[in-house]
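A.B. asks:
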Amino acid sequence: MVMKFWANFARNGNPNGEGLPHWPEYDQNEEYLKIGATTQQAQRLKGEEVAFWTERLTKKQPRPDHNSQVLNNFFFQQIMGYPLSAGKLDQKTATSLLRKSSPFLNVPEDVIPAVIKEYLGGAEDIVKNRDLFVDLIGDVLFAVPSVIVARHCRDAGAPVYMYEFQYHPSFSSDLKPETVMGDHGDELFSVFGAPFTKGGASSEEINISKMMMKFWGNFAWNGNPNGKTLPAWPEYNQNEGYLKTGATTQAAHGLKDKEVAFWTKVWTKEAVEKPLQEKN
């Protein structure tokens with residue numbers, strides 16, 4: 001049912017269709033659809049909570065003076081105490097931060113020097129180091145695990161389609177620097193047609209959204225995102241082909257292959273040595 005709703009919306013801009021519960025448009029009556037074991041129409045989703053927060057959030061509050069680095073919707077400065085707001089990071093501080101985050105990131109302490117060398121090298125460019133450190137965190141939390149899971153699904157015989165979204169939405173938060181492309185979840189703006197409902201979207205952004213909606217609609221209907229007028233999206237097989245989507249959309253292969261090889265070696269070493277240490 002949900003797949004039919006999503007596919008209808010991707011194709012027609014309206015989720016309703018034959019054999020489906022009626023999904024009312026969200027207008028002044030504020031009707032919506034409650035989806036679950038029992039699917040039915042309802043009204044005023046979170047009405048009391050919206051009224052409560054609207055009253056408080058519309059009051060003017062002094063805006064803090066900061067410029068937090070954003071990655072994968074994580075505000076590292078607030079959550080983990082990463083001092084990235086100044087836009088600079090030396091190797092000593094990077095090493096200290098990685099040690100502090102070691103349990104959370106699943107990075108064994110004894111390999112931290114090797115990790116810093118792998119990502120930051122011997123460069124002392126404190127601005128570049130900041131960006132490389134952000135890459136490190138993104139790889140270990142999201143990118144590398146995603147590729148590993150994709151490989152397992154592929155090896156189990158399931159059809160897999162990998163993608164990398166590289167586009168900075170025009171309506172991104174002011175906290176996100178222009179240099180941050182493809183933040184975690186940014187593709188959802190395009191998949192659900194946000195450029196059509198928010199002002200200021202460029203024709204390029206609207207076309208990207210149309211493309212993404214067609215990809216997702218095709219996959220929902222057929223289990224394959226490919227279709228007429230769309231760039232060819234290779235299946236993720238032994239060649240590890242994937243689609244780089246954004247202002248320029250094209251097929252590529254070997255997503256994060258170097259990084260996956262590095263972290264696989266790190267985590268395999270830890271998996272072998274830790275049980276031996278515990279046994280001894």
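Going left to right, the sequence shown walks through residues 1 to 280 as full-length UniProt numbering numbers them.
Quick reminder that beta carbons are idealized off the backbone N, C-alpha and C, glycines included.
Could you check whether the region 103 to 117 touches the region 146 to 157, counting it as contact only if at least three pairs of C-beta atoms, one from each stretch, sit closer than 8 angstroms?
C.D. replies: Flag = no, the region 103 to 117 and the region 146 to 157 do not touch.
A.B. asks: Return helix, strand or coil for histidine 253, following the three-state DSSP convention.
C.D. replies: Here histidine 253 sits in strand by DSSP.
A.B. asks: Out of curiosity, what's the CA-to-CA distance linking tyrosine 167 and glycine 182?
C.D. replies: Looking at the two C-alpha atoms, the distance is approximately 5 angstroms.
A.B. asks: Is glutamate 204 helix, strand or coil when you go by DSSP?
C.D. replies: The answer is helix: DSSP assigns glutamate 204 an H, G or I state.
A.B. asks: Classify serine 96 as buried or exposed, calling it buried when 16 or more other Cβ atoms lie within 10 Å of its own Cβ.
C.D. replies: With fewer than 16 Cβ atoms within 10 Å of its Cβ, serine 96 is classed as exposed.
A.B. asks: Below 8 angstroms on the Cβ atoms is my guess for glutamate 164 versus tyrosine 242; work out the distance and round it to an integer in Å.
C.D. replies: The Cβ separation is near 6 angstroms, so the contact holds.
A.B. asks: Taking the Cβ atom as the reference point for each residue, do lysine 258 and alanine 252 lie within a distance shorter than 9 angstroms?
C.D. replies: No, they are not a contact pair.
A.B. asks: Could you give the DSSP three-state label for lysine 244: helix, strand or coil?
C.D. replies: In the structure shown, lysine 244 sits in a strand (DSSP, three-state: E or B).
A.B. asks: Quick check on alanine 232: does DSSP put it in helix, strand or coil?
C.D. replies: Residue state, collapsed to three classes: coil.
A.B. asks: Would serine 172 and alanine 201 qualify as a contact pair, given that the criterion is a beta-carbon distance under 9 angstroms?
C.D. replies: No.
A.B. asks: Spatial neighbours of alanine 143 within its chain, please: CB distance less than 6 angstroms, with the 5 preceding and 5 following residues excluded, ordered by chain position.
C.D. replies: Cβ neighbours of alanine 143 beyond the five flanking positions: Lys256.
A.B. asks: Could you have a look at lysine 46 and say whether DSSP puts it in helix, strand or coil?
C.D. replies: Coil, per DSSP.
A.B. asks: Need the endpoints of the alpha helix (DSSP H) that tyrosine 119 sits in, please.
C.D. replies: Tyrosine 119 -> alpha helix (DSSP H) spans 112 to 120.
A.B. asks: Let me know the secondary structure DSSP gives glutamine 41 once reduced to three states.
C.D. replies: In this structure, glutamine 41 counts as strand in the three-state DSSP scheme.
A.B. asks: Restricting to Cα atoms, I'd like to know which of Ala42, Lys100, Gly246 is closest to phenylalanine 189.
C.D. replies: The candidate whose alpha carbon is nearest that of phenylalanine 189 is Gly246.
A.B. asks: What does a CB cutoff of less than 6 angstroms around proline 24 pick up in its chain, not counting 5 residues either side in sequence?
C.D. replies: Glu31, Gln41.
A.B. asks: For glutamate 164, which beta-bridge partners are listed by DSSP?
C.D. replies: Lys244, per the DSSP bridge assignment.
A.B. asks: Once DSSP output is grouped into helix, strand and coil, what is the label at lysine 265?
C.D. replies: Lysine 265 falls in the helix class under three-state DSSP.
A.B. asks: Out of Leu45, Ile35, Asn106, which one is the CA nearest neighbour of lysine 269?
C.D. replies: The option with the nearest alpha carbon to lysine 269 is Asn106.
A.B. asks: Give me, in chain order, the residues of the same chain whose beta-carbon lies closer than 6 angstroms to that of residue 281; leave out the 5 immediate sequence neighbours on both sides.
C.D. replies: Given a span of 1 to 280 for the chain in the structure shown, any question on residue 281 remains unanswerable.
A.B. asks: For lysine 128, name the three-state secondary structure that DSSP assigns.
C.D. replies: DSSP places lysine 128 in helix when its eight states are reduced to three.
A.B. asks: The beta strand (DSSP E) with leucine 33 in it runs from where to where?
C.D. replies: Here the beta strand (DSSP E) through leucine 33 covers 31 to 34.
A.B. asks: Just the C-alpha distance for proline 231 and glutamate 55, rounded to the nearest angstrom, thanks.
C.D. replies: Approximately 46 angstroms between the Cα atoms of the pair.
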